[in-house]
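One structure is given here, and the rest of the page talks about it.
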């Protein structure tokens, strides 16, 4: 375990330590809240409790934690985050836990062997990216962000012993992954037993009313429910959402096979990935698995998705068209409609053979934050002069990220990468890196 000397306090200016001030929200009837909140849920402990708490009329303290083991959130995370947003839209209080302490321990869930432990520096570097990405789904002004090192760093040896004394090894061995490793005489390290307890202590520290997680987190979430009364707190409720399979999943004998989407497995779609890369990854999802993605991620209703599937089966619509519409929806959500359209056009050009296999990369350096397109073309050697580049732009002979640009004052931004096409008949392609 990391020693207290190694766990130095980290300045986090954006951490909200007090409850977020909310504008009054018109409370929906309990029945309607239950219908919204329970839609798509796998486990709920306990439904009657949730209904009772909602009838009390107070905003629930809704907890969900994310360990920053890699720098990017992905679409698998957003299944849970969309449920968080539903709670938020109904006037409840979201507490987004960045597990900067627990990430150093490593969640053993679903692991057949111990996870490599991360350094504090690795964890904090990844954590820096988490908050802004989370606010692509959550309302920033209504979200309380907390780092669990705030209270776990202060727990100390005495607090850790007290925490460990409140649970048994026998109870821990009820977990499938621990039980399997124990029966196969494979190592289970003591720090792995600590993980569910530390996650549970997060609930004690913030006095959660309900904790959300994926179905693979059910054991950990229930430990929190068990532990809270032992610290004199009201037991939290537990709600789980489905696990999204990775982009390499396949349908075999009527069942989706494949591991869950994860950064470590390399089968993920990051919500901060460039639009084209995001769209391409979604288009490469298996034709039978894409329906699962739509069920969990699309804003379309169940009836709309069912009708699209029936239209494909009847031969009235191609699965490619369905995938394009879905991919465009997702890219629009995390970027914007213009970026999604450009990515789709570029993808269609690639599919039609409109792009060469190898496209040269040309870096240019600019003194300001932006540069007008004709000047950029001249700097990159894609036009002999700025005046000639201006003529090409005005004549509609220049495409940027799949779109014709005729505005000579169209600006390119420093730090971005653009796909450039110059010419109509004798076309030249380049990836322009603006620095």
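Numbering (the working numbering), first residue to last: 823 to 1257.
Don't be surprised by glycine CBs; every beta carbon is placed ideally from N, CA and C.
Quick check on this structure: which residue in the options has the alpha carbon closest to the alpha carbon of residue i?
i: residue 1098; options: 978, 1053, 1151, 1128; result: 1151
i: residue 1239; options: 965, 1141, 1096; result: 1096
i: residue 996; options: 1044, 1137, 971; result: 1044
i: residue 1192; options: 984, 1167, 1236; result: 1236
i: residue 1079; options: 1050, 1218, 1110; result: 1110
i: residue 909; options: 1185, 944, 856; result: 856
i: residue 1102; options: 1201, 951, 1163; result: 1163
i: residue 914; options: 859, 1171, 1115, 1107; result: 859
i: residue 1252; options: 1209, 1178, 1015, 962; result: 1178
i: residue 952; options: 881, 918, 1225, 877; result: 918
i: residue 1221; options: 1209, 1168, 1206; result: 1168
i: residue 1120; options: 1156, 944, 1135; result: 1156
i: residue 1065; options: 1134, 1141, 1017, 905; result: 905
Who are residue i's beta bridge partners in DSSP?
i: residue 969; result: 920
i: residue 1140; result: According to DSSP, residue 1140 bridges with nothing at all.
i: residue 1250; result: 1244
i: residue 1184; result: 1254
i: residue 1194; result: 1233
i: residue 865; result: 1062
i: residue 1073; result: 1078
i: residue 886; result: 918
i: residue 1067; result: 1082
Confirm, please, whether the CB-CB distance from residue j to residue i is below 8 Å.
i: residue 1042; j: residue 1069; result: no
i: residue 1093; j: residue 1145; result: no
i: residue 959; j: residue 900; result: yes
i: residue 924; j: residue 975; result: no
i: residue 1063; j: residue 879; result: no
i: residue 1227; j: residue 1215; result: yes
i: residue 1204; j: residue 1250; result: yes
i: residue 948; j: residue 892; result: yes
i: residue 1233; j: residue 1035; result: no
i: residue 883; j: residue 1029; result: yes
i: residue 1184; j: residue 1118; result: no
i: residue 1105; j: residue 1147; result: no
i: residue 1241; j: residue 1223; result: yes
i: residue 1198; j: residue 1186; result: yes
i: residue 852; j: residue 873; result: yes
i: residue 1026; j: residue 1055; result: yes
i: residue 980; j: residue 903; result: no
i: residue 1019; j: residue 986; result: yes
i: residue 922; j: residue 971; result: yes
i: residue 1143; j: residue 1153; result: no
i: residue 1050; j: residue 1039; result: no
i: residue 1061; j: residue 912; result: no
i: residue 982; j: residue 1015; result: no
i: residue 1123; j: residue 1116; result: no
Our contact map puts residue i next to residue j with C-beta atoms below 8 Å; I'd like the distance itself, whole angstroms only.
i: residue 1160; j: residue 1194; result: Incorrect: roughly 19 Å between the Cβ atoms, too far for contact.
i: residue 927; j: residue 1013; result: 5 Å
i: residue 1219; j: residue 1246; result: 5 Å
i: residue 1189; j: residue 1211; result: Rounded, the Cβ-Cβ distance is 18 Å, inconsistent with contact.
Does chain D have any CB closer than 8 Å to the CB of residue i?
i: residue 1065; result: In the structure shown, chain D does not exist; there is a single protein chain.
Report whether the distance from the Cβ of residue i to the nearest heavy atom of the ligand FAD is below 7 Å.
i: residue 915; result: In terms of ligand content, the structure shown is empty, and the ligand FAD therefore cannot be addressed.
Report yes or no: do the region 896 to 906 and the region 1070 to 1086 share at least 3 C-beta pairs separated by less than 8 Å? yes
With a cut-off of 8 Å, do at least 3 Cβ pairs link the region 1125 to 1134 to the region 1069 to 1081? no
Are there three or more Cβ pairs, one per stretch, closer than 8 Å when the region 950 to 967 is compared with the region 998 to 1015? no
Would you call the region 1045 to 1053 in contact with the region 1019 to 1033, where contact means no fewer than 3 C-beta pairs closer than 8 Å? Cβ pair count under 8 Å is three or more, so yes.
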